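Notes for the one structure printed next.
Written as structure tokens, this is what we have:
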């Protein structure tokens, strides 16, 4: 898949193109996450929120199947730290290295911008996500009981970009 993957930033698109991609992302988001964890992917994310970035990955292979979107990510940058809010690979394209490639792209981009760390929170029960982040170089730094809801533990993971 990797030679077939194109990663782009919605902020490089026209309003109409961005809204089309955001609509695709919103549909995937609703299918993938419980209602209380689904982000809203509307026009406000395209309007230049100064530190928020929405990246998306497309594939010509997926395009031939009618839906070129295969993954997306949202992060917020604050000085030397970026908070990775969301990484999602469309279910049919999971376990093909797309998530790892998207995270590597974000890391390279942030490193070039002078960012020192990427941090994120992940549900302890989401083993595939935790494994993806660990393979991408993130280290578990903090555990908070009931972070997401009663009985749902959150784990803070950090990727040091200076290494």
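In my numbering, the protein residues as written are -1 to 161.
For glycine and all other residues, C-beta sits at the position ideal for the given N, C-alpha and C.
This structure is a prediction, so every number in the text was calculated from the model and none was measured.
- The beta-carbon distance between residue 85 and residue 117, rounded to whole angstroms, is 13 Å. This is too long to meet the 8 Å contact definition.
- Boundaries for residue 105: no beta strand (DSSP E) harbours it, while the alpha helix (DSSP H) harbouring it runs 96 to 110, taken from the DSSP string.
- Between the stretch 31 to 41 and the stretch 89 to 107, the count of C-beta pairs closer than 8 Å stays below three; the two stretches do not touch.
- Beta-bridge annotation (DSSP): residue 82 is paired with 73.
- Judged by DSSP in its simplified three-state form, residue 133 adopts helix.
- DSSP places residue 92 outside both helix and strand once states are collapsed to three, so it counts as coil.
- If you draw a straight line from the Cα of residue 154 to the Cα of residue 140, it comes to about 5 Å.
- For residue 4, same chain residues with a beta-carbon under 6 Å away, outside a window of 5 residues either side, are 56 in chain order.
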